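Read the structure below first, then the notes.
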């Protein structure tokens, strides 16, 4: 596609349920990032992928959070046993290069997935 | 991670220039300075980036201090559509976004 695509755009779930959020990056982009943004707050880094591997997953807030990326393309962020504090907009971004790449590595963001945990 | 410091908010009038400052005193030699902005209910969008020299593009200009410990994003003529949160980040680490600067543009 032309840009980063995320789904679902909105998800309402009950506390304790598992949710999966999907990110389809721009074709050919090797680096993929997940961020979380709570209402009125800045972006909180969660994890980044270079290809299918995740060199930095230190931003994941707990072991209820996991992410995978297959085929160097689509990524899924999974939140198990959701809690109300997980409510936020989850943003995905992709770029051509990893952070230590030598050129611009401009990030392209999706529109986000808004998660509401009741 | 190298961190950036920005004012929480700034205000400008339409058609006037806006200078948005960013301090990054712990920047390393390989860190690019990137600016993004986030309009309400949208994901962030790229504005401009630079390493050492000042940069211009169709959206803005980026002025980088000689010691690279600070930079300034310049919007030459603010419009109402420029009202957004502007983030200054250092590209070369985990891409940590700070709280950004909320820019208000008055008609």
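Protein chains in written order, with our numbering: chain A, 12 to 129; chain B, -17 to 89. Cβ coordinates follow ideal geometry from the N, Cα and C atoms, glycine included. Remember, it's a predicted structure, so these values are computed and weren't measured experimentally.
Nearest-angstrom beta carbon gap, residue j and residue i [assumed within contact, 8 Å]
| i | j | result |
| --- | --- | --- |
| residue 30(B) | residue 42(B) | 5 Å |
| residue 82(A) | residue 17(A) | Not quite, the Cβ-Cβ distance comes to about 17 Å (not below 8 Å), so this is no contact. |
| residue 124(A) | residue 20(A) | 6 Å |
| residue 16(B) | residue 52(B) | Incorrect: roughly 15 Å between the Cβ atoms, too far for contact. |
| residue 75(A) | residue 91(A) | 5 Å |
| residue 33(A) | residue 85(A) | 7 Å |
| residue -11(B) | residue 83(B) | 5 Å |
| residue 9(A) | residue 128(A) | The structure shown does not extend to residue 9(A), since chain A is modelled only from 12 through 129, so no value can be given for it. |
| residue 58(A) | residue 45(A) | 5 Å |
| residue 27(B) | residue 87(B) | Incorrect: roughly 17 Å between the Cβ atoms, too far for contact. |
| residue 80(B) | residue 51(A) | Contact flag wrong, Cβ pair sits at about 14 Å. |
| residue 85(B) | residue -6(B) | 7 Å |
For residue i: DSSP bridge partner residues
| i | result |
| --- | --- |
| residue -7(B) | 86(B) |
| residue 38(B) | 43(B) |
| residue 3(B) | 54(B) |
| residue 120(A) | 104(A) |
| residue 49(A) | According to DSSP, residue 49(A) bridges with nothing at all. |
| residue 19(B) | 27(B), 68(B) |
| residue -14(B) | None; residue -14(B) has no bridge partner. |
| residue 81(A) | In DSSP, residue 81(A) forms no bridge with anything. |
| residue 15(A) | For residue 15(A), which the question treats as bridged, DSSP gives no partner whatsoever. |
| residue 60(A) | 43(A) |
| residue 86(A) | 34(A), 80(A) |
| residue 24(A) | 128(A) |
| residue 73(B) | 14(B) |
| residue 80(B) | According to DSSP, residue 80(B) bridges with nothing at all. |
Within chain B, partners of residue i - CB distance below 7 Å
| i | result |
| --- | --- |
| residue 53(A) | 79, 80, 81, 82 |
| residue 44(A) | 77 |
| residue 102(A) | 25 |
Proximal residues of chain A, C-beta to C-beta of residue i below 9 Å
| i | result |
| --- | --- |
| residue 24(B) | 120, 122, 123 |
Where residue i falls: helix, strand or coil (DSSP)
| i | result |
| --- | --- |
| residue 125(A) | strand |
| residue 67(A) | strand |
| residue 35(A) | strand |
| residue 92(A) | coil |
| residue 62(B) | helix |
| residue 72(A) | coil |
Neighbouring residues, chain A, relative to residue i (Cβ below 8 Å)
| i | result |
| --- | --- |
| residue 28(B) | 117, 118, 119 |
Contacts of residue i in chain B (Cβ-Cβ under 9 Å)
| i | result |
| --- | --- |
| residue 88(A) | Here the premise fails: no neighbours, minimum Cβ distance about 15 Å. |
Closer than 8 Å at the beta carbon, the chain B residues around residue i
| i | result |
| --- | --- |
| residue 56(A) | 76, 77, 78, 79 |
Using Cβ-Cβ distances below 8 Å, what residues of the segment 3 to 14 of chain B are close to chain A? 12, 14
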